[in-house]
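Residue numbers (our numbering): 780 to 967.
Where is the CB? At the ideal position from N, CA and C, for every residue including glycine.
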């Protein structure tokens with residue numbers, strides 16, 4: 780099984796010793812740099828890596844009132860949460876369809892189902908991921924390729940620090956993982 784790491788920084792679970800264990804199976808790219816999703820696709824091809832399943836878990840957020848929050852930061856949220864998610868899927872999808880097998884699991888959020896005041900850009904981006912995934916699911920019928928969206932609630936990750944959300948006690952004890960995601964994906 781090939782594992783692909785696509786985050787440019789190193790979150791706690793991707794310490795150098797973990798990356799060394801992945802050896803030649805790991806690729807790291809800063810997906811916010813516009814050329815890097817393309818470079819990732821080219822590197823996969825150069826290494827002869829066939830991607831059968833994409834877990835599109837890219838996402839960042841930003842807390843603040845939309846008119847007061849930094850515009851460049853809000854555009855970064857949209858770039859990663861919408862453009863990169865879409866681009867990675869669309870770059871890998873033709874090969875899956877040609878092989879008549881594969882799947883895309885796009886990670887949206889419970890926030891996709893409602894407006895999120897003070898997280899409006901994030902909520903809107905996840906609403907896009909959910910709607911787009913539902914549309915792809917229908918478009919891919921009969922191809923052997925599946926697409927679905929996972930909509931977890933709060934998960935204890937570095938997301939909260941990146942979003943500058945310091946107080947998380949109102950989130951009802953975020954869990955450390957979304958245990959139903961992969962088994963649910965297998966049944967779609």
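Collapsing the DSSP output to three states places residue 898 in coil. For residue 928, the three-state secondary structure derived from DSSP is strand.
Counting along the chain, the unbroken alpha helix (DSSP H) around residue 872 starts and ends at 864-878.
Secondary-structure assignment with DSSP links residue 839 through no beta bridge to anything. Taking the Cα positions, residue 857 is about 19 Å away from residue 931. Residue 830 is positioned such that its CB atom lies closer than 9 Å to that of residue 871.
In this structure, residue 876 keeps its C-beta atom at 9 Å or more from the C-beta atom of residue 834. Classified as exposed, residue 847 has fewer than 16 neighbouring CB atoms from the shown chains inside 10 Å of its CB.
In the structure shown, residue 917 falls within a helical segment according to DSSP collapsed to helix, strand and coil.
The continuous beta strand (DSSP E) containing residue 886 extends over residues 881-886.
For residue 856, the uninterrupted alpha helix (DSSP H) segment begins and ends at 850-857.
Between residue 920 and residue 882, the C-beta spacing is not below 9 Å. By the neighbour-count criterion, in which 16 or more other beta carbons inside 10 Å mark a residue as buried, residue 828 falls on the exposed side. Annotation: residue 923 to residue 884 spans about 14 Å, alpha carbon to alpha carbon.
Each of 907, 842 and 844 was checked against the Cα of residue 861, and the nearest Cα belongs to 907.
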